[in-house]
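4 protein chains.
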Amino acid sequence: MPSSIDSGLIERHNAPLRETLDRDYATLGEKLDRRGVSIDAVTRQVAAFAVAVPSWGVGTGGTRFARFPGPGEPRGIFEKLDDCAVINDLGRATPAVSLHIPWDKADPADLKAKAEALGLAFDAMNSNTFQDHPDDPRQPLSYKFGSLSHTDAAVRRQAVEHNLETVAIGEAIGSKALTVWIGDGSNFAGQSDLGRAFERYLGAMKEITRGLPADWRIFSEHKMYEPAFYSTVVQDWGTSYLTAVELGDKAFCLVDLGHHAPNVNIEQIVSRLVRTGKLGGFHFNDSKYGDDDLDAGTIDPFRLFLVFNELVEAGVRLDALNPSYMIDQSHNVTDPIESLIRSANEIRRAYAQALLVDRAALHGHQENNDAMMASETLKAGFRLDVEPILAKARLEAGGAIDPIAAFRASGYRAKVAGERPAVKGSGGGIV
Amino acid sequence: MPSSIDSGLIERHNAPLRETLDRDYATLGEKLDRRGVSIDAVTRQVAAFAVAVPSWGVGTGGTRFARFPGPGEPRGIFEKLDDCAVINDLGRATPAVSLHIPWDKADPADLKAKAEALGLAFDAMNSNTFQDHPDDPRQPLSYKFGSLSHTDAAVRRQAVEHNLETVAIGEAIGSKALTVWIGDGSNFAGQSDLGRAFERYLGAMKEITRGLPADWRIFSEHKMYEPAFYSTVVQDWGTSYLTAVELGDKAFCLVDLGHHAPNVNIEQIVSRLVRTGKLGGFHFNDSKYGDDDLDAGTIDPFRLFLVFNELVEAGVRLDALNPSYMIDQSHNVTDPIESLIRSANEIRRAYAQALLVDRAALHGHQENNDAMMASETLKAGFRLDVEPILAKARLEAGGAIDPIAAFRASGYRAKVAGERPAVKGSGGGIV
Amino acid sequence: MPSSIDSGLIERHNAPLRETLDRDYATLGEKLDRRGVSIDAVTRQVAAFAVAVPSWGVGTGGTRFARFPGPGEPRGIFEKLDDCAVINDLGRATPAVSLHIPWDKADPADLKAKAEALGLAFDAMNSNTFQDHPDDPRQPLSYKFGSLSHTDAAVRRQAVEHNLETVAIGEAIGSKALTVWIGDGSNFAGQSDLGRAFERYLGAMKEITRGLPADWRIFSEHKMYEPAFYSTVVQDWGTSYLTAVELGDKAFCLVDLGHHAPNVNIEQIVSRLVRTGKLGGFHFNDSKYGDDDLDAGTIDPFRLFLVFNELVEAGVRLDALNPSYMIDQSHNVTDPIESLIRSANEIRRAYAQALLVDRAALHGHQENNDAMMASETLKAGFRLDVEPILAKARLEAGGAIDPIAAFRASGYRAKVAGERPAVKGSGGGIV
Amino acid sequence: MPSSIDSGLIERHNAPLRETLDRDYATLGEKLDRRGVSIDAVTRQVAAFAVAVPSWGVGTGGTRFARFPGPGEPRGIFEKLDDCAVINDLGRATPAVSLHIPWDKADPADLKAKAEALGLAFDAMNSNTFQDHPDDPRQPLSYKFGSLSHTDAAVRRQAVEHNLETVAIGEAIGSKALTVWIGDGSNFAGQSDLGRAFERYLGAMKEITRGLPADWRIFSEHKMYEPAFYSTVVQDWGTSYLTAVELGDKAFCLVDLGHHAPNVNIEQIVSRLVRTGKLGGFHFNDSKYGDDDLDAGTIDPFRLFLVFNELVEAGVRLDALNPSYMIDQSHNVTDPIESLIRSANEIRRAYAQALLVDRAALHGHQENNDAMMASETLKAGFRLDVEPILAKARLEAGGAIDPIAAFRASGYRAKVAGERPAVKGSGGGIV
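Residue numbers (our numbering), protein chains in the order written: chain A, 3 to 433; chain B, 3 to 433; chain C, 3 to 433; chain D, 3 to 433.
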């Protein structure tokens, strides 16, 4: 049997919860009916919304201070895929996995076979030039002082080659996009020439882009700081946009919700990128201070809703953009499987709430500068308790009404804890 | 005599200070000589650097809570020009004034004559669509809900016409640029459609741009927030850049140092805009929290230096860009004349320090990733006490060695306090 | 008739909405029942929760750039009380008004009579030493360089006397507390001696405290910045706490939600102040960037919920503290009456949601370090759509089911617009 | 000879630089003389100022993403002490080392002997309960969910015992203080009860304090966030102060310059803590975004100067407080020895500049509210290029005029690189 979650378990879990769900769903449906909205139509839209999970997300994350592993940590990509299958089996929102090379390097045929057996597909590929890979004979040079923007052409070449290798693996397993995030930057004013570093980055990115298969996209991901603490080469959406324009039609901007300066209006950046046609996708997570990589919707759920409000507002332009939705989180104190199930659900919650905004009324109030009614109309969507819709979407797709409870009931974690001995040594957490 | 500062006063002020200045200048010159730098060449470069003062800056500023006017506040543009002349006579760094319409509206011929008599010129013009102008028959509509991005085409038209009138006045007095800063935005999520507001803004800006004289430039000035507190239409350099690209060859981005999110690396934005060829100019000031509009170099002098480091680094590309350097500050607790004299001096200080960086050594260390020596080489410029260079540049141009002391000795403030009765009523401060 | 809202209007408004409310209330009640919670008990707790409105809040606010008044602005404290009565008649959550002296200065007997006729009481008094009051013969000295912390003892004395006069007015009208917020601080490093300024402030506050009636409290309100832009004398809760300790048993700390540094965890400050027994009260509002003074719950509703979670968690300690709940907002683009109705409702919403958290379960998960279930248990309260509870509480107290709709239907704004001619001149907005 | 830096090397390095230093020192002396200041007196004060280096600072730091070790990394505390000796031999500003237990655990007699041989002493001890120590039989329990504030009394007890063990080691080697920094907090709202966690922390800290030798102090170190990303138990100076008060006379607050919210006025916190008598010491470093742990004075040198301005202003109160000055940095891209030499020098630079402020003039301008002259008087100190004073202080103490150049000339790094094989494996960087 491909996945560890047997369908009988899910059925047994759902059975006693069905009646209450049906009642709550009916009640909410009646409420929406009054507003002229068909709940089933919304449920279908929600059910069609998928978000990819990151292979590295099923391991426990950490900080530069420490990493505290949990029991049953996956020891390699195949065990990670097992965990991802559990997430999708229960939550039915995450049918694709985003790989990270070289961490997940394996025979592509094996990867593909395993994923197919588990009912999973592969989303965007992620390269890694922010760590050294001393055991990889193809990466002998250090990225201590940069990768794609390094002053030394040989290091840039190595980083380009690594990205192309990542693309090649991705091509073999059915991925269609490469996400490039680099840690390049500087810790001290003067350490790096801000202009020349960007030119070098653009040059290297052009080489990668030239090496992409015809039907691939490349995502440039910006980040304000960390690991570089004075300047970062791709520091904000402005630089990410300049990059995407320079690289041409295959290049798009990826928005990670935790990579912005304090107080920044992220949903407005989404709106701007939609307009330019360069919105490539998202790395979802939540944060209060920096790139905290917390579970989506746990710090500022209204902000997540506002991002989805822009996406729903974008309408047909969004269909053309077809953004790549991914989670990128660091699970330091929770069971990673549970956090990913929850986060996918929160993302769908924000989407459902955005779908339920009375958009015609909203536009009318906006046109009339009725700030009060426009604001209230938008919040009316957010205030709705849409959990019945989310549960129904899961249920109808074969998932669990309460997926975290079902996961706990499954005994999966205890089982793999027995099978996967703890890795000795911890150190700072790479995420 | 055109200006209130008689040259005898300056000479009397300078006389007892000359010897010490000469000694300090010689000492610094000898020190620079050791590094192979000619102090006189640097002094000449500094002397050639001018920064415009804002006409509104010579009045006392305020906050939304209160404005506390000082004695002798100028009552109109002609008295403001008198004050600006004092600033330039003493500091010799600010030969041009930036006007704000409708505040400074007057017969262009009179403006020109007055300025010429005072030895002043006019820099970029500033329009004002963030306040209502109920006494102006050409501006009957309110900007409460926006101006160039308003949902009502009639308001947008009014705002466009106002900008074109501002250009017309500027053309008559020898200005060559229009700075457009709008307060448009929203206070509540949903109040405004983020995408449509930007489209309307672009449409209006295109009309203004079409109305520009052939040799004019238009500057788009971004600001993160205030007066709008949820979203601002031109919120960051990314949106400002999109605007400048859309508007074409005459359009450029203006960077106000106080209009960014917390922690943002402003000098990197300067570097990016230099690269795109869209850096239009600066509004200098300093800030710790928000758009505090404090005197340049008083909160973070190293940051100001780093901005000038990028400008010096830009080299010949900067000559092509020919940025417009302006001060934009709110003087709430100091004599505005003194604050503007000081700020111009601080700006020149940062420029002088940036000129004194051993750039060949810096580039070498950057190339070799010697973060320590690169950082120290840059800071070596900043650590230099270049006051003798600044004083010498003033002195040789006919200004005061210690311009604030000379101003205080001049009795100018007491004189105008007698001539200019205090305006009744204060209220919040418009700046 | 005391208030402009006739009870017939409210009944006519409620009639067609009652059935739906009853159904939604019953549905929610049944849902809560399943969790062992009695909806009526919660509704009673919510109904007992009152928050004071600020007299200045019924006028249109503004920024330093502009103020755009709306129609029918109240011209004095008696018209302001009329507006406050409308807010309370419709929303039934705001039975008390917080006055601001000297803005609201009037014969105390008249104030009391008017309030009684309108069914209103008076909450904490607010003094004003952040503006000059040139027409007040008792306040001839300027606060430009500070008030209670001014270097000049005569200015401090004047400020102390003003506070004592404010207390005297408050005593005559039944208030029991004085809120002291000062704008004292500095714009430049060095302008003010940070230590001596605080000593002077403490000295002046002690004089005020000595002058308090026996049953009064004094609230120290901190703020990070604005109007001072380099340092503020009472900059954070730490300094506010030092103040309250130094002043003794009558002194407490007031928390304004918009007066903190970016990213600060406000609910934790509430928790700390609860522990010290020095939590005095709140100024509710919401903000994204600085002290934006936006409507409560419009920017980050989850944060407001978390503040109330701490208050509910405080349990009996809160009864002892008996905090003063007030709104402090600036209504720049909405009808102030509508914003205050909405804000009071949002505050009650956060309270209701906090009451609905399964606290026993929460504590159990916390004790077991089950981060996932603890987090989900807390969010389960927030996710509930408690609008039926809020509406029911209003309805049973004689208010409107949809108070903003009822206000619009009342024609009140049009009526007062006809009675209250617009005040000429706007300028920056004092709020 | 105990240290690797032979005194001949330093003399050979200094010889060709002496003449220039003498000239620059004389010139600066003459300049200060004009202001009535004796340069030699300042040099003596600077020479008397020492700052401790952290033992962990001589290893390469890292981020959660990666650590890029440099050559010759010390493999244990004895090699770390060798490196610390080099720093002090060349810079003559860092005669004491701050140890971190269990990282630096060794026989106290050996530690003491080694330090004495190298001319070093031991400053405050640091405990570590933010990482697990699975190989330490006395620390079998995990700190994943906290240490001194853990819900489980057994974990708290273990953490207390570890702190007491750290004190015992410190006592044996002549230390007189314990710095307690914990990573305790939570990543999700609800995960931890904010109030109870603080109570548990206080309880545990009291036990540690009770175990302190009579002449010891304990420092409570606050931090806004990281490794906890929603709440931190000791999140700001307010909570640190509450802690120090609760613990009594031996407890003080330690200020790390990188542990504050964005935009916070750190020098004002120093001023407040001086007033309360609870300022215990500093962890110096610099930062732009978060706890970046960069070299002191490299991001905002003016801020560092303002901190020292408060210390100089504190006068005799500071003598009574006798703060502990330590560096706490993470050296990710520089040679750690060079960074520590530089940072100590920058700290002394700020001190020297603060000493050179004309304090009588400053106080006069403050008293008169002459914001301009007060601000300029303060900045006049900062603008001075005091490098000759710093170099002279080093030279006279037997150190190097240009200590980084001397270090490079010494060949020390190459030598130890040969002796200390690289440690296999890197991972995230613990700092």
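Think of the CB as a built atom: it goes at the ideal place given N, C-alpha and C, for glycine as much as any other residue. Nothing here was measured: the structure is a model prediction, and the numbers come from that model.
C-beta atoms of residue i and residue j nearer than 8 Å
i                      : j                      : result
residue 206 of chain A : residue 126 of chain A : no
residue 345 of chain D : residue 355 of chain D : no
residue 192 of chain A : residue 376 of chain B : yes
residue 221 of chain D : residue 254 of chain D : yes
residue 342 of chain B : residue 79 of chain B  : no
residue 419 of chain B : residue 187 of chain B : no
Closest residue to residue i among the options (Cα-Cα distance)
i                      : options                       : result
residue 66 of chain B  : C:262, C:230, C:323 and C:404 : C:230
residue 286 of chain C : C:300, C:280 and C:276        : C:300
residue 381 of chain A : B:409, B:77, B:83 and B:190   : B:190
residue 49 of chain A  : A:416, A:424, A:390 and A:412 : A:390
residue 195 of chain A : A:160, A:234 and A:183        : A:234
residue 315 of chain C : C:24, C:132, C:359 and C:141  : C:359
residue 119 of chain C : C:130, C:135, C:98 and C:132  : C:98
residue 177 of chain B : B:143, B:219, B:159 and B:183 : B:219
residue 82 of chain A  : A:109, A:256 and A:117        : A:117
residue 415 of chain B : B:45, B:198 and B:336         : B:336
residue 436 of chain B : B:208, B:40, B:92 and B:385   : Nothing can be reported for residue 436 of chain B: it is not among the residues displayed for chain B, which extend from 3 to 433.
residue 162 of chain B : B:141, B:172, B:146 and B:173 : B:141
residue 417 of chain D : D:378, D:85, D:14 and D:41    : D:85
Delimiting residues of the beta strand (DSSP E) encompassing residue i
i                      : result
residue 275 of chain A : Looking at the DSSP string, residue 275 of chain A is not in any beta strand (DSSP E); the run it does join, the alpha helix (DSSP H), is 268-278.
residue 6 of chain C   : Looking at the DSSP string, residue 6 of chain C is not in any beta strand (DSSP E), and its letter there is neither H nor E.
residue 221 of chain A : 219-223
residue 327 of chain D : 326-329
residue 236 of chain C : No beta strand (DSSP E) contains residue 236 of chain C, which DSSP labels as neither H nor E.
First and last residue of the uninterrupted alpha helix (DSSP H) at residue i
i                      : result
residue 358 of chain D : No alpha helix (DSSP H) contains residue 358 of chain D, which DSSP labels as neither H nor E.
residue 145 of chain D : Here residue 145 of chain D belongs to no alpha helix (DSSP H), and DSSP marks it neither H nor E.
residue 375 of chain B : 373-385
residue 414 of chain B : 414-421
residue 161 of chain A : 155-175
Residue i: CB within 7 Å of a non-hydrogen atom of the ligand MN
i                      : result
residue 269 of chain B : For the structure depicted, the ligand MN is absent and the ligand set is empty, with no information on it obtainable.
*asked:* Against chain B, which members of the stretch 146-161 of chain C pass a CB distance test of less than 9 Å?
replied: 146 and 147
*Counting Cβ pairs, one atom from each stretch, are 3 or more of them under 8 Å apart for the stretch 147-162 of chain D and the stretch 216-225 of chain D?*
no
_Please list, in chain order, the residues of the stretch 251-273 of chain D that have any C-beta partner in chain A closer than 8 Å._
264
_Residues, ordered as in the chain, of the stretch 224-244 of chain A that lie near chain D by beta-carbon distance below 8 Å_ = Under the 8 Å Cβ criterion, the stretch 224-244 of chain A contributes 226, 227, 228, 229, 231 and 232.
*Segment contact flag, the stretch 363-378 of chain A with the stretch 3-18 of chain A, C-beta cutoff 8 Å, min 3 pairs*: No: the two stretches stay apart, fewer than three of their Cβ pairs being nearer than 8 Å.
*Quick one: which residues of the stretch 87-116 of chain B get their C-beta closer than 9 Å to a C-beta of chain C? List them in chain order.*
none
_With a threshold of 8 Å, are at least 3 pairs of Cβ atoms found where one atom belongs to the stretch 289-306 of chain A and the other to the stretch 255-267 of chain A?_
These segments touch.
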